[in-house]
Amino acid sequence: MRSILILSAPALLAGCAGQTAPAADDLRARQEAACTATIAAHIRQPAAAVASRWLSETGGVARVEAVDGNRRHLCDVDGRGRVLGYSHPDA
């Protein structure tokens, strides 16, 4: 015999009550980390050699600056924390 589990709507909603959208600070930290990792791989150095900071967001894409030594890079990072591309603005 099969068991059937029936949950009422309040029970289903109670399970979702603790789930919220990520805070803007969390998203920014993930975007900075993604840029740091991408640029570290690009320059073949550890992530500790790269300092990143979130600059702005337009149309769901963040602009993050990454600096290694005296070289500056700009990353475009989406809302999922994926680097869409990067540039060397001072080159």
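Here the sequence shown stands for residues -23 to -1, 1 to 68, numbered as in mature numbering (1 follows the signal peptide of the UniProt record, and there is no 0). Just so you know, even glycine gets a beta-carbon here, dropped at the ideal spot from N, CA and C.
Original post:
If you follow the alpha helix (DSSP H) that residue 69 is part of, which residue opens it and which one closes it?
Top reply: The structure shown has nothing for residue 69, since the chain only spans -23 to 68.
**OP:** Report all residues from its chain with a CB closer than 7 Å to the CB of Arg57; omit the five preceding and five following residues, and keep chain order.
**Re:** Result list for Arg57: empty, nothing under 7 Å.
Original post:
Ala68 by DSSP, collapsed to three states: which one?
Top reply: coil
Original post:
What separation, rounded to the nearest whole angstrom, lies between the Cα atoms of Arg30 and Leu61?
Top reply: 16 Å
Original post:
Do you know offhand how far Thr35's Cα is from Thr15's?
Top reply: 20 Å
Original post:
In terms of DSSP beta bridges, what is Ala28 paired with?
Top reply: Val44
Subject >> Residues that DSSP places opposite Leu61 in a beta bridge >> reply: DSSP, once it has assigned bridges, lists no residue as partnering Leu61.
Original post:
Does the separation of the CB atoms of Gln8 and Val54 fall below 7 Å?
Top reply: yes
Subject >> Rounded separation between Arg49 and Pro66 - CA only >> reply: 7 Å
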